[in-house]
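Q: Under this note's numbering, think of the first position of the sequence shown as 82, with each following residue one higher.
C-beta: ideal position from N, C-alpha, C; glycine also.
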Amino acid sequence: MEKKKIFFVAYGAGHIGMLIPVIHQLRKDASLDIVVLGLTTARDKLEAAGIPYLGYSDLIKAMDNYAQVKAYGERLVAALPAGTVPVEESVAYLGANYAELVQAFGEAAAAARYHSEGRQAYLPVNFMKRVLEKYQPDLVVATNSPRTERAAIVAAGALAIPALCLVDLFALQEVAWIGEPGYADRICVLSQAVKDMFVAHGRQDSEVVVTGNPAFDPLSAPGLVGARESVRQAHGWSEDDKVILFASQVEPLKHPFNDLKGNSELPRDIERALCRIVEKHSNYRLIVRHHPSETVEPAAMPARVEIGDKSENLAALLHSVDVVVVMSSTVGLEAALIGKPVVSVDMSVFTPDAPYAEMGISLGVGKLDALEAAVDKAIAGGAPNGAVCGDGKATARIVAEIKATIA
82 MEKKKIFFVA YGAGHIGMLI PVIHQLRKDA SLDIVVLGLT TARDKLEAAG
132 IPYLGYSDLI KAMDNYAQVK AYGERLVAAL PAGTVPVEES VAYLGANYAE
182 LVQAFGEAAA AARYHSEGRQ AYLPVNFMKR VLEKYQPDLV VATNSPRTER
232 AAIVAAGALA IPALCLVDLF ALQEVAWIGE PGYADRICVL SQAVKDMFVA
282 HGRQDSEVVV TGNPAFDPLS APGLVGARES VRQAHGWSED DKVILFASQV
332 EPLKHPFNDL KGNSELPRDI ERALCRIVEK HSNYRLIVRH HPSETVEPAA
382 MPARVEIGDK SENLAALLHS VDVVVVMSST VGLEAALIGK PVVSVDMSVF
432 TPDAPYAEMG ISLGVGKLDA LEAAVDKAIA GGAPNGAVCG DGKATARIVA
482 EIKATIA
């Protein structure tokens, strides 16, 4: 019997992190042929995972305009600082994408677009059509990343190849294109709220499936769930103590991508407010976990307040506390995924990027005066819970969707 071929495409960081558990499972099936196009920094994670992959540098050599693509790429790479991606791969990636810009708009307009938008101008649909025509997959799988991943799904649609799009988080920007009818046959999302958003943008209910994100499956590992008692003992917390974790983060004076102004003292203001709350409740304890990029001067802490060790296993710590307070940190999402009540201080420049309260993940407060009531409510069991799919079975659900699509 001829093997079914599945073509995966992903950039690095959380995008390939979402796909690796799925790829591992599918590679165990002898009836499937798995091809992976690892983009930019995805290469390192794929190599670490022992998964064979292709790069742009493997694909451009067969192109009719290879010499021109290489010339474009070498010129563009020369203008960039050195990075972790091999130069040959950067040349191929930048050159192939730029060549498509030139083909679509001409030399002058392509140069102007690249100057104003950089790599955001890239959408190599024709390139991905040629790639898919060469490999002839039965299914294309990508995440919600733009550029090549988006182009792969658009190209699959043009070639009548089924496609799945896996959405890592909330897709607040990506809904502009993923929400378009016909973009991928199936969309796998984190939560019911994300599904509802896509349906509101015009997708059919049957096209959007709440699967969860495979990258978060390890949070539900039995060993972590059972670590609560030992972690609490190590910190000196009794079972009667109500432990609040504040996952701090840097708050910039200005949002990096828009004009929102921030208050750099907000994290410390929250910390001080939580300390005052703990002072009022003899059974409350607070652990403050500073972000790795934060530099906070050591200070004497009030009774029942401690500064967490940044090297402590975060997942085990989350299982061991009673409520988690965040601004917009993904720690809030991770806490919600394991069923912990979350309070979000919705006063950060990043709140619109991680609208936990809006998505039903947290109890949100817009001022610090409301923080005590929110923490009390969360500890009493009144915070949102179960709005996201975090039972450790996201990988299995997505594998099932993939196999059903190619059956």
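Going by DSSP, what residue range makes up the beta strand (DSSP E) through residue 269?
A: 267-270
Q: Who pairs with residue 323 in a beta bridge, going by DSSP?
A: 365
Q: Between 275, 87, 127, which lies nearest to residue 116 when the distance is taken from Cα to Cα?
A: The candidate whose alpha carbon is nearest that of residue 116 is 87.
Q: Do residue 134 and residue 229 come within 9 Å of each other at the CB atom, strictly closer than that value?
A: No, these two residues do not count as a Cβ contact at 9 Å.
Q: Taking the Cβ atom as the reference point for each residue, do residue 468 and residue 273 lie within a distance shorter than 9 Å?
A: yes
Q: Is residue 281 buried or exposed, if buried means 16 or more other CB atoms sit within 10 Å of its CB?
A: exposed
Q: Please confirm whether residue 426 and residue 452 have their CB atoms less than 9 Å apart.
A: yes
Q: Hey, residue 328 and residue 397 are a contact pair by Cβ (cut 8 Å); roughly how many whole angstroms apart?
A: Actually they do not touch by this definition, with Cβ atoms about 14 Å apart.
Q: Inspect the CB distances between the stretch 234-243 and the stretch 203-223 and report whether three or more fall short of 8 Å.
A: yes
Q: List, from N- to C-terminal side, the beta strand (DSSP E) runs of 3 residues or more that fit wholly inside the stretch 349-424.
A: 365-370, 386-388, 404-407
Q: Quick one: is residue 267 buried, meaning 16 or more other Cβ sit within 10 Å of its Cβ, or exposed?
A: Buried, since its Cβ has 16 or more Cβ neighbours within 10 Å.
Q: State buried or exposed for residue 249, treating a residue as buried only when at least 16 other CB atoms are found within 10 Å of its CB.
A: buried
Q: In the DSSP assignment, find the unbroken beta strand (DSSP E) run with residue 224 in it and report its ends.
A: 220-224
Q: Apply the 10 Å Cβ neighbour rule to residue 294 and answer buried if 16 or more other Cβ atoms are within range, or exposed otherwise.
A: Burial check for residue 294: the Cβ neighbour count within 10 Å reaches 16 or more, so the residue is buried.
Q: If you follow the alpha helix (DSSP H) that residue 175 is part of, which residue opens it and which one closes it?
A: 168-186
Q: Going by the DSSP bridge assignment, what does residue 246 pair with across the sheet?
A: 223, 268
Q: Between the alpha carbons of residue 473 and residue 150, how many angstroms are there, rounded?
A: 43 Å
Q: Determine the DSSP secondary structure at residue 335, reduced to helix, strand or coil.
A: strand
Q: For residue 102, count neighbouring Cβ atoms within 10 angstroms of its own Cβ and tell me buried if that reaches 16, exposed if not.
A: buried
Q: Please report how far the alpha carbon of residue 345 lies from the alpha carbon of residue 255, in whole angstroms.
A: 29 Å
Q: From the beta carbon of residue 171, is the nearest beta carbon of chain C less than 9 Å away?
A: The structure shown contains no chain C; it holds only a single protein chain.
Q: Following the continuous alpha helix (DSSP H) through residue 457, name the residue where it begins and the one where it ends.
A: 452-460
Q: State yes or no: is the C-beta of residue 455 nearer than 8 Å to some heavy atom of the ligand COA?
A: With respect to small molecules bound, the structure shown includes none, and the ligand COA cannot be examined in it.
Q: With distances taken from CA atoms, which of 222, 438, 297 is nearest residue 395?
A: 297
Q: What is the C-beta distance between residue 179 and residue 191, in whole angstroms, given that I count them as a contact (C-beta under 8 Å)?
A: Yes, residue 179 and residue 191 are in contact; Cβ-Cβ is about 7 Å, under 8 Å.
Q: Report the rounded CA-to-CA distance for residue 142 versus residue 338, giving the unit in angstroms.
A: 36 Å
Q: Figure out for me which residue from 107, 175, 361, 224 has the closest Cα to the Cα of residue 97.
A: If you compare the alpha carbons of 107, 175, 361, 224 with that of residue 97, the shortest gap goes to 224.
Q: Could you name the residues of the same chain whose beta carbon sits closer than 7 Å to that of residue 415, not counting the 5 residues immediately before and after it, in chain order?
A: 297, 300, 399
Q: As a quick exercise: from 330, 261, 111, 306, pick the residue whose alpha carbon is nearest that of residue 38.
A: The requested residue 38 does not occur in the structure, where the chain is confined to residues 82 to 488.
Q: In three-state terms, what does DSSP make of residue 302?
A: coil
Q: My output table needs one value for residue 90: the three-state DSSP class, helix, strand or coil.
A: strand
Q: By the 10 Å Cβ neighbour count, where 16 or more other Cβ atoms means buried, how is residue 119 classified, buried or exposed?
A: buried
Q: Is DSSP giving residue 235 helix, strand or coil here?
A: When DSSP states are grouped into helix, strand and coil, residue 235 belongs to the helix group.
Q: Taking Cβ positions, are residue 402 and residue 324 nearer each other than 9 Å?
A: yes
Q: Let me make sure I understand the geometry here. Which of 326, 136, 377, 186 has the alpha-carbon closest to that of residue 332?
A: 377
Q: Rounded to whole angstroms, how far is the Cβ of residue 365 from the Cβ of residue 385, which I believe are closer than 8 Å?
A: 7 Å
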